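**Student:**
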Amino acid sequence: MLLKRFAWLFVVGMVIAGCAAPAAVAPAGQAAPDTAPATPNVLTVSSTANVTTWDPIKSFSTEAEYLANLYEPLLRINPPGAAERFSPVLAESWESDADGKTWTFKLRPNVKFHDGEPLTADAVKQSIEAAKDHAGASFIWAPLESVEAVDDLTVKFNLSYAAPLDLIASSLYGAWIVSPKALAAVAADENYFEAGVEAGTGPYMLESYTPDQEVLLTRFDDYWGNWQDGQFDKVLVKIVPEAVQQQQMLEGGEVDLALRLPAENYASFKDKPGYTLLTEPSFFNYVGFLNTLRPPLDNPKVRQAIAYAIPYQDIIDVATFGQATQARGPVPAGVWPYSEEVTQYATDLEKAKALMAEAGFADGGIDLRLTYAAENKTEERFAPVIKDALAEIGINVSIEPILFNQQWEEAKSDPANAQDMFLLLYWPTYSDAGTDNLYSMFHSSEAPFFNLSYWKNEEFDTLIDEAAMLTVTDPDASLEKYVKAQNLLVDEAPGIFFFDTKAPFVIPDHIGGFQYNLNYPFATFFYDLYRNPAQ
Amino acid sequence: MNRLEFLIRRIVASLFVLIGVSIITFMLARVVPSNPAAVYIGPKARPADIERVTKQLGLDQPLPLQYARYMGDLVRGDLGNSISTKRPVLLELQSRLPATLELLFAGMLIAVLFGVPMGVISAQKQGKASDLAIRVVAILGVSIPAFGLGLLLQILFFRWLGLFPLSGRVGKELRFASPIIENTGFLLLDSLITLNFTAFQDALWHIVLPAITLAAYPLGLVARMTRGAMLEVQQQDYIRTARAYGTPERVTVFVYALKNAIGPTLTVIGLTFAFALTGTFFVEIIFNWPGMGLFTVRSLLNLDYPAIMGIALFGAAGYVLINLVVDLVQAWIDPRISLR
């Protein structure tokens, strides 16, 4: 008798435990955060962004999501289509002289760092000098010769050649202005920031940080931009690497916003009331490098055949669920020096076959090895599409997913024996794809870095070198040269230009003010956001 | 005396195991064709910068020298700095360990508290419906992979029924309303110590689903082991004798029979405990449980070899320790076992 009761107890034990739960959990789950006046107005978001460093100088990764709210640059570049190209942030006004080699910035007065220090020309000088010396993105300051603090609020930059310093100063990496006190501290102790210390001028301060778990920001009352009703007192960012998790948290109301929700998890919100869906252009771009060092890909005809054989729309549908546009060369739409005049390949199997025949491969019989980054789910989805498409023109592709670092290491260390095709997701460090995308991926160099086609074309090199020098002083002439270079590039086809991705966002109706800026894809500016009054 | 001698011998032997593990992990982490310095500095660093960091991290030295240096620091309690978080590995492990251990203990508690009685009942009711039901549950527990079960539980209990929270260790309301003051890092314990019952309940509700997910496999194993051992023991003479003397059935089964049957179960519990030490990693990722699992995945992807070393050594030490404890407990329960 007793045993029987035991049996039932244990067999259904867990279910009973589960059923007993609801009565007790309900009040905690439904506590309305807005009713009590004492509770702060908290924005809860989920993000995949990990913190690789809290050092604003060294930062060159996903932590930009948080740093962009703690620190500020001199200027910020606006999204394409805005009335002004730049917005003043810590600088109030700026100008360059006629030759583009001297730039003067007037700083905003009465700005305070979170540690109480005032913003001065000297603080800017020290921050930029530290960035040029050892930033993760120190190379963006390559044209910089010296920085002078002319007076308390005037900074002068002397460059060794004409360069768009306005673009450089608005970079998301290597351009934060940091309190001199903190810079001195980090000079003494390299890991000064890593415990979760910050010293910026931004609207939010870092209240606490629990690795892999959460980042809590709290508003800086002395912020120069002031505060208005509805803006958030605190921002709690939950670090959630799994997309499905993020989707569930957003649906269940556990978070107000899910940042970096991938395209495949976006569709489920389409027919749900209470959400606005946005698809914004981004500056991410997918490229496939063809190894031009050895046959058969040293033959431009074979490369062109491949470019014609690729089903661009299918790839966009499969890889991004339609959230992308076919690329025009390696410069993403909306980023300098993008131009509609750059040609695109349209899928044309007949032309591809004809080119193969011209190259002497009428019967096919080519084996190619394609590598892609194993951690990239988008590439995982479209690599097989490439394989199928190229099979049509007699090219047999073997697909190899490798962790990005290993893939890259192989490609750099032994080009002659490396992969035939290399898929890469690329984005410019700051909003100049001329000196970044075009230069980094296709300018020749002694040792390969991101130019993984190993392509050498003197005409292309000269064109983009000259164009870069003209960017500030004669933008029209510069763009003309860039377009010529890109058309040459597309025609020679050392790379396949797949698509520019779009960034999908799901915004619940109770959150207002969301603005996306394609120039800062890794950042969300929480200061813009506010809670909509309940309808 | 015997026990002390045994302990010393085992600890010395364990040291060699750990040294072996450290050598293998170190070599494996470093023969991968990729440069940790490049990872350290970020995706677009120039070659000159990579070279500078290579020197700075000491990666330009020969491997045996690097290993010797690592072990030298290790002996002094310094596990180095993580490449991906730039913080001391020891600190990273310490801050995540309580979350993993809390989940582990909760999971094993469920496995033992439910698994052993289930096994006993199953054996008592051999061939009957309850036996069948328990055996089905046990087999399901052993065969459903953690990620599948975790997702199913989430859909059922969070999405459909709304009984339990989806993920994490505490809810967001609690974060500001009644935050837990952390002393041990074990949230259940910390909230109890500070008499923060709202927080205790919240933390408890959060741990239920991940703990069940983690418990499924060991529970199935424990139930099956116990059942098998019980069936064997119950046919022995002394049980019949006990019954003949009119000892109450409850006492016969749960005291006399179980005590003899528990040996193999204990071994299994020990093994699965050690197994669950790394098995929690899957569960942690599904439930966004901020323990060692997430950190491990991140370290592996970033070739963060100081962190990988730390995790491997921790895992190995855990295995060794748990097995030692199991041996001691076995000897304590069954005096016929001599520790050698």
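Going down the list, the sequences are from chains A and B.
Position in the first sequence (from 1) plus 38 gives the number in our numbering.
Position in the second sequence (from 1) plus 4 gives the number in our numbering.
Where a beta carbon is used, it is the ideal one built from N, C-alpha and C, also for glycine.
Please read all numbers here as calculations on a predicted model, not as lab measurements.
1) To the nearest angstrom, how far is it from the Cα of E417(A) to the Cα of R332(A)?
2) Going straight from the alpha carbon of L387(A) to that of A347(A), what length do you get?
3) Taking the alpha carbon of E378(A) as the point to measure from, which residue in K389(A), A390(A), Q364(A) has its own alpha carbon closest?
4) Output yes or no for whether 9 Å exceeds the beta carbon distance between D294(A) and I549(A).
5) For Q269(A), which beta-bridge partners are listed by DSSP?
6) Please identify the residue among V272(B), L167(B), G295(B) whose C-alpha is closest to the C-alpha of P222(B).
7) How about P439(A) and A397(A): are their beta carbons less than 9 Å apart?
8) Indicate the three-state DSSP secondary structure (helix, strand or coil) for K310(A) in the structure shown.
9) Mind checking whether A187(A) and V193(A) have CB atoms under 9 Å apart?
10) Which whole-angstrom value is the C-beta distance of Q130(B) and L235(B), which I expect to be below 8 Å?
11) Just the C-alpha distance for V330(B) and L213(B), rounded to the nearest angstrom, thanks.
12) Please check if any C-beta of chain A sits within less than 9 Å of the C-beta of E96(B).
13) Under DSSP, the beta strand (DSSP E) around Y242(A) begins and ends at which residues?
14) Please list the terminal residues of the continuous beta strand (DSSP E) segment that includes F258(B).
15) Tell me, which residues are paired with G533(A) by DSSP?
16) Assuming R114(A) and S208(A) form a contact by the criterion Cβ under 8 Å, report the distance between their Cβ atoms to the nearest whole angstrom.
17) Quick check on E484(A): buried or exposed, where buried means 16 or more other Cβ atoms within 10 Å of its Cβ?
18) Going by DSSP, name the residue or residues bridged to E133(A).
19) Using only CA atoms, which one of M112(B), G24(B), R228(B) lies nearest to D135(B)?
20) Is the CB of A574(A) under 9 Å away from at least one CB in chain B?
21) What residue range is occupied by the uninterrupted alpha helix (DSSP H) comprising P68(B)?
22) Are any of the Cβ atoms in chain B nearer than 9 Å to that of W265(A)?
23) Closer than 9 Å, Cβ to Cβ, to anything on chain B: give me those residues from the stretch 238-262 of chain A, in chain order.
24) What's the C-alpha gap between F20(B) and A320(B)?
25) Just to confirm, does P181(A) get its C-beta within under 8 Å of one of the non-hydrogen atoms of the ligand PLP?
26) Sorted by chain position, which residues of the same chain lie with C-beta nearer than 7 Å to H152(A)'s C-beta, five sequence neighbours on each side aside?
27) Thinking just about the alpha-carbon of each residue, which of Q70(B), N39(B), P68(B), L107(B) is nearest to the one in E55(B)?
28) E504(A) CB to nearest chain B CB: under 9 Å?
29) Helix, strand or coil, according to DSSP, for G189(B) in the structure here?
30) May I ask you to report which of helix, strand or coil DSSP gives D538(A)?
31) I need the boundaries of the alpha helix (DSSP H) containing I15(B), first residue and last residue.
32) I want to see whether chain A comes within less than 9 Å of F318(B), judged by CB atoms only; does it?
33) Going by the beta-carbon positions, is the gap between F480(A) and L408(A) smaller than 9 Å?
34) Could you give the residue range of the alpha helix (DSSP H) that holds R139(B)?
35) With DSSP as the reference, please indicate the residues paired to I575(A) in a beta bridge.
36) Return helix, strand or coil for A411(A), following the three-state DSSP convention.
**Tutor:** In short, the structure shows the following:
1) Here residue 417(A) refers to the residue found at position 379 of the first sequence. Here residue 332(A) refers to the residue found at position 294 of the first sequence. Spanning the two alpha carbons is a distance of roughly 25 Å.
2) For the purposes of this step, residue 387(A) is identified with residue 349 of the first sequence, where counting begins at 1. For the purposes of this step, residue 347(A) is identified with residue 309 of the first sequence, where counting begins at 1. L387(A) and A347(A): Cα-Cα distance of roughly 5 Å.
3) For the purposes of this step, residue 378(A) is identified with residue 340 of the first sequence, where counting begins at 1. Looking at the Cα atoms, Q364(A) is the closest of the given residues.
4) On the first sequence, position 256 is the one that residue 294(A) refers to. On the first sequence, position 511 is the one that residue 549(A) refers to. It is a contact, given that the beta carbons lie within the stated cut-off.
5) Numbered from 1 along the first sequence, position 231 holds the residue referred to as residue 269(A). Answer by DSSP bridge pairing, in chain order: Y568(A).
6) Here residue 222(B) corresponds to residue number 218 of the second sequence, with the count starting at 1. Considering only alpha carbons, the answer is V272(B).
7) Reading the first sequence from its first residue, position 401 is the one you call residue 439(A). Reading the first sequence from its first residue, position 359 is the one you call residue 397(A). Cβ distance not < 9 Å, so P439(A) and A397(A) don't count as in contact.
8) The residue labelled residue 310(A) in the question sits at position 272 within the first sequence. Coil.
9) For the purposes of this step, residue 187(A) is identified with residue 149 of the first sequence, where counting begins at 1. For the purposes of this step, residue 193(A) is identified with residue 155 of the first sequence, where counting begins at 1. The answer is yes: Cβ separation under 9 Å.
10) Counting from one through the second sequence, the residue named residue 130(B) turns up at place 126. Counting from one through the second sequence, the residue named residue 235(B) turns up at place 231. 7 Å between Cβ atoms; contact.
11) The sequence position of residue 330(B) within the second sequence is 326, counting from 1. The sequence position of residue 213(B) within the second sequence is 209, counting from 1. Each residue's Cα considered, the two are about 27 Å apart.
12) On the second sequence, residue 96(B) is found 92 positions in, with the first residue counted as 1. Yes, its Cβ sits closer than 9 Å to a Cβ of chain A.
13) By one-based count along the first sequence, residue 242(A) stands at place 204. Residues 242-248.
14) Counting from one through the second sequence, the residue named residue 258(B) turns up at place 254. No beta strand (DSSP E) contains F258(B), which DSSP labels as neither H nor E.
15) To locate residue 533(A), count along the first sequence from 1; it is residue 495. Its beta-bridge partners are F327(A).
16) Along the first sequence, read from residue 1 onward, the residue named residue 114(A) stands at position 76. Along the first sequence, read from residue 1 onward, the residue named residue 208(A) stands at position 170. Correct: roughly 5 Å between the Cβ atoms.
17) If you number the first sequence from 1, residue 484(A) lands on position 446. It is exposed - the Cβ of E484(A) has fewer than 16 other Cβ atoms within 10 Å.
18) The sequence position of residue 133(A) within the first sequence is 95, counting from 1. Note: E133(A) sits in a beta bridge opposite T142(A).
19) Reading the second sequence from its first residue, position 131 is the one you call residue 135(B). Closest by alpha carbon: R228(B).
20) As displayed, chain A neither begins before 39 nor continues past 573, which places residue 574(A) out of reach and without an answer.
21) Taking the second sequence and counting its residues from 1, one reaches residue 68(B) at position 64. Its alpha helix (DSSP H) spans residues 67-79.
22) If you number the first sequence from 1, residue 265(A) lands on position 227. W265(A) does not count as touching chain B.
23) T248, P249, D250, Q251, E252, L254
24) Within the second sequence, residue 20(B) is the residue found at index 16, counting from 1. Within the second sequence, residue 320(B) is the residue found at index 316, counting from 1. Spanning the two alpha carbons is a distance of roughly 11 Å.
25) Because no ligand of any kind appears in the structure shown, any question about the ligand PLP cannot be addressed here.
26) Residue numbering aside, residue 152(A) sits at position 114 when the first sequence is read from its first letter. Only E236, A237, G238, M243, F258 meet the Cβ criterion.
27) The residue labelled residue 55(B) in the question sits at position 51 within the second sequence. The shortest Cα separation from E55(B) among Q70(B), N39(B), P68(B), L107(B) belongs to N39(B).
28) For this step, residue 504(A) is matched to residue 466 along the first sequence. Chain B contact via Cβ: absent.
29) Translated into positions along the second sequence, residue 189(B) becomes position 185. If DSSP states are grouped into helix, strand and coil, G189(B) belongs with coil.
30) On the first sequence, residue 538(A) is found 500 positions in, with the first residue counted as 1. Strand.
31) Here residue 15(B) corresponds to residue number 11 of the second sequence, with the count starting at 1. Element bounds for I15(B): 6-35.
32) In the second sequence, counting from the first residue as 1, residue 318(B) sits at position 314. Not one chain A Cβ lies under 9 Å of F318(B).
33) Taking the first residue of the first sequence as position 1, residue 480(A) is located at position 442. Taking the first residue of the first sequence as position 1, residue 408(A) is located at position 370. No; because the gap between Cβ atoms is not below 9 Å, this pair is not in contact.
34) Indexing the second sequence from 1 puts residue 139(B) at position 135. Segment 133-147, the alpha helix (DSSP H) holding R139(B).
35) Coverage of chain A is limited to positions 39 through 573, which leaves residue 575(A) absent and any answer about it impossible.
36) Within the first sequence, the letter at position 373 stands for residue 411(A). The answer is strand: DSSP assigns A411(A) an E or B state.
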